[in-house]
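Asker: Numbering (our numbering), first residue to last: 1 to 301. For each residue, glycine too, the CB sits at the ideal point set by N, CA and C. Note that this is a predicted model, so its numbers are computed, not measured.
Encoded structure:
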């Protein structure tokens, strides 16, 4: 008798910078979510698709939940919290090297309304002494009854397979929603824009990364065997534009070189990447402009 196939959706929630994107990229085996030590890296819900012979798990990597400072932040929180009632299970990820804070307590309060299993995933266990793990876990278990607890290292892969097996058993019997070789439901131009934004996060400092958005305007035509990609980097002020361009254009050149390397690895072909920097004053508080960038809060409700 053939074993039944299981499928479903699993949300990953947690404070910014606990390693949600690193975890999902490890499982999928490709970079589909950008990674950065800076908070608020992920802005949209990003779906990664894991498929084996027994199950298909669609992971939803949500923006880190935090106190909103502007309309963009409001969108990010709404995107994360709206996911909790749409999935079959929830992974609440925390960082082993950080004590429980107000942000974690806020997420736990939101989890009280969730009727599906919630797993506590303690990431970055490679950064602490094992003796510190149990007191940390107990501090969370005092506030919420978790379906189970999984200490992991998303960078090294510790216990990740065990967590996957538990999720496969938890998910309902169901169909394979996506082809087995499909890794994300986002179009390529979205992932390409995110890879460009990742390089801005890595190479610039202070307020500049969070005041930046990327739109891919063209991703077609091949000239001399290279895919032509045109993208705009949106900033809020002339000073930010100057930083992105850099002295003699050196910063934008480095952003382009490093982004192109990752884009070519993702697409499996040579790319000619052209970047422009444009100013859109206070775009993070402009609902109309946020909607044009795909940050539509009403669509999440």
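Assuming residue 196 is part of the alpha helix (DSSP H), what are its boundary residues?
Answerer: For the purposes of this step, residue 196 is taken as residue 196 along the chain shown, with counting starting at 1. First-last of the alpha helix (DSSP H) with residue 196: 188-203.
Asker: Go through its chain and collect everything with a Cβ distance to residue 160's Cβ below 6 Å, but skip five positions before and after it.
Answerer: Taking the chain shown and counting its residues from 1, one reaches residue 160 at position 160. Contacts found: 152.
Asker: Terminal residues of the continuous beta strand (DSSP E) containing residue 144?
Answerer: Numbered from its first residue, the chain shown carries residue 144 at position 144. Per DSSP, residue 144 belongs to no beta strand (DSSP E) and is neither H nor E.
Asker: From the DSSP secondary-structure annotation, give me the bridge partner or partners of residue 228.
Answerer: The residue given as residue 228 occupies position 228 in the chain shown. For residue 228, which the question treats as bridged, DSSP gives the partners 220 and 272.
Asker: Expressed to the nearest angstrom, what Euclidean distance is found between the alpha-carbon atoms of residue 171 and residue 240?
Answerer: Here residue 171 refers to the residue found at position 171 when the chain shown is read from its first residue. Here residue 240 refers to the residue found at position 240 when the chain shown is read from its first residue. Approximately 46 Å between the Cα atoms of the pair.
Asker: If you reduce the DSSP assignment to three classes, tell me which class residue 281 lands in.
Answerer: In the chain shown, residue 281 corresponds to position 281, counting from 1. If DSSP states are grouped into helix, strand and coil, residue 281 belongs with coil.
Asker: For residue 271, I'd like the list of residues in its chain whose CB is within less than 7 Å of its CB, leaving aside the five on either flank, ordered along the chain.
Answerer: One-based indexing of the chain shown puts residue 271 at position 271. Closer than 7 Å at the Cβ level, and outside the excluded window around residue 271, lie 226, 227, 229, 260, 263 and 264.
Asker: Run through the DSSP bridge pairs and tell me what residue 6 is partnered with.
Answerer: Translated into the one-based positions of the chain shown, residue 6 becomes position 6. BP columns for residue 6 point to 55 and 173.
Asker: Taking the straight line between their C-alpha atoms, what separation do you get for residue 210 and residue 100?
Answerer: As a first step, residue 210 must be located in the chain shown, where it is residue number 210. As a first step, residue 100 must be located in the chain shown, where it is residue number 100. Looking at the two C-alpha atoms, the distance is approximately 25 Å.
Asker: Looking at C-alpha atoms only, which residue of 232, 215 and 224 is the closest neighbour of residue 269?
Answerer: Here residue 269 refers to the residue found at position 269 of the chain shown. Of the candidates 232, 215 and 224, the one whose C-alpha sits nearest the C-alpha of residue 269 is 224.
Asker: Looking only at its own chain, which residues have a Cβ that is under 8 Å from the Cβ of residue 236, when we skip the five neighbours before and after it?
Answerer: As a first step, residue 236 must be located in the chain shown, where it is residue number 236. For residue 236, where only same-chain residues beyond five positions count, the Cβ hits under 8 Å are 211, 279, 280, 281, 282, 283 and 284.
Asker: If you draw a straight line from the alpha carbon of residue 158 to that of residue 275, how long is it in whole angstroms?
Answerer: The residue you call residue 158 lines up with position 158 of the chain shown. The residue you call residue 275 lines up with position 275 of the chain shown. Residue 158 and residue 275: Cα-Cα distance of roughly 39 Å.
Asker: Quick one, which of 204, 273 and 7 has its alpha-carbon nearest residue 88's?
Answerer: Translated into positions along the chain shown, residue 88 becomes position 88. The residue with the shortest Cα to Cα distance from residue 88 is 7.
Asker: Taking the continuous beta strand (DSSP E) assigned at residue 178, which residues delimit it?
Answerer: Walking along the chain shown from the start, residue 178 turns up at place 178. Counting along the chain, residue 178 falls outside any beta strand (DSSP E), and DSSP gives it neither H nor E.
Asker: Taking 7 Å as the limit between beta carbons, can you name the residues of its chain near residue 175, skipping five residues before and five after?
Answerer: Along the chain shown, one-based indexing puts residue 175 at 175. 7, listed in sequence order.
Asker: Would residue 51 and residue 168 qualify as a contact pair, given that the criterion is a beta-carbon distance under 7 Å?
Answerer: Within the chain shown, numbered from 1, the residue matching residue 51 stands at position 51. Within the chain shown, numbered from 1, the residue matching residue 168 stands at position 168. Taking 7 Å as the Cβ cut-off, residue 51 and residue 168 do not qualify as a contacting pair.
Asker: Assuming residue 90 contacts residue 122 (C-beta within less than 8 Å), just tell me the rounded distance between them.
Answerer: In the chain shown, the residue the question calls residue 90 occupies position 90. In the chain shown, the residue the question calls residue 122 occupies position 122. That pair is no contact at about 15 Å.
Asker: When DSSP builds the beta bridges, which residues end up paired with residue 123?
Answerer: As a working mapping, residue 123 is identified with position 123 in the chain shown. Residue 123 pairs with 95.
Asker: Got a sec? Which residues, its chain only, sit under 7 Å from residue 245 by beta carbon, not counting five neighbours each side?
Answerer: By one-based count along the chain shown, residue 245 stands at place 245. Answer for residue 245: 251, 252 and 277, listed in chain order.
Asker: Just to confirm before moving on: does the CB-CB distance between residue 192 and residue 216 stay below 7 Å?
Answerer: If you number the chain shown from 1, residue 192 lands on position 192. If you number the chain shown from 1, residue 216 lands on position 216. Yes; because the gap between Cβ atoms is below 7 Å, this pair is in contact.
Asker: Am I right that residue 58 and residue 12 are in contact with their C-beta atoms under 8 Å? What's the rounded C-beta distance?
Answerer: Mapped onto the chain shown, residue 58 falls at position 58. Mapped onto the chain shown, residue 12 falls at position 12. That belief does not hold up - the Cβ atoms of residue 58 and residue 12 are roughly 11 Å apart, past 8 Å.
Asker: For residue 148, which residues of its own chain have a beta-carbon under 7 Å away from its beta-carbon, when the five flanking residues on both sides are left out?
Answerer: Along the chain shown, read from residue 1 onward, the residue named residue 148 stands at position 148. Within the same chain, residue 148 has close Cβ partners 119 and 166.
Asker: Since residue 49 and residue 155 should fall inside the 8 Å C-beta cutoff, what is the C-beta to C-beta distance between them, to a whole number of angstroms?
Answerer: Taking the first residue of the chain shown as position 1, residue 49 is located at position 49. Taking the first residue of the chain shown as position 1, residue 155 is located at position 155. Rounded, the Cβ-Cβ distance is 21 Å, inconsistent with contact.
Asker: Let's see if you can read the secondary structure: which residues bound the alpha helix (DSSP H) around residue 241?
Answerer: As a working mapping, residue 241 is identified with position 241 in the chain shown. Note, residue 241: alpha helix (DSSP H), 238-245.
Asker: Express the C-alpha separation of residue 248 and residue 273 in angstroms, rounding to a whole number.
Answerer: Taking the first residue of the chain shown as 1, we reach residue 273 at position 273. Taking the first residue of the chain shown as 1, we reach residue 248 at position 248. Cα-Cα distance, rounded: 18 Å.
Asker: DSSP has residue 158 in a bridge; who is on the other side?
Answerer: Start at 1 with the first residue of the chain shown, and residue 158 comes out as number 158. Residue 158 pairs with 153.
Asker: Less than 8 Å between C-beta atoms, sequence neighbours within five positions excluded: which residues of the same chain meet that for residue 164?
Answerer: As a first step, residue 164 is located in the chain shown; it is residue number 164 there, counting from the start. For residue 164, where only same-chain residues beyond five positions count, the Cβ hits under 8 Å are 27, 50 and 57.
Asker: Roughly how many angstroms lie between the CA atoms of residue 35 and residue 200, to the nearest whole one?
Answerer: Counting from 1 along the chain shown, the entry for residue 35 is found at position 35. Counting from 1 along the chain shown, the entry for residue 200 is found at position 200. Caution applies to residue 35, whose pLDDT of 44 falls short of 50 and renders its modelled position unreliable; the value that the coordinates give is listed next. Residue 35 and residue 200: Cα-Cα distance of roughly 11 Å.
Asker: Specify the secondary structure class of residue 22 as computed by DSSP and reduced to three states.
Answerer: For the purposes of this step, residue 22 is taken as residue 22 along the chain shown, with counting starting at 1. Correct three-state label for residue 22: helix.
Asker: Let me check you understand the geometry: is the CB of residue 214 closer than 6 Å to at least one non-hydrogen atom of the ligand PLP?
Answerer: As far as ligands go, the structure on display features none, and thus does not contain the ligand PLP.
Asker: Just list the residues that DSSP pairs residue 265 with in beta bridges.
Answerer: Indexing the chain shown from 1 puts residue 265 at position 265. Bridge partners of residue 265: none, in fact.
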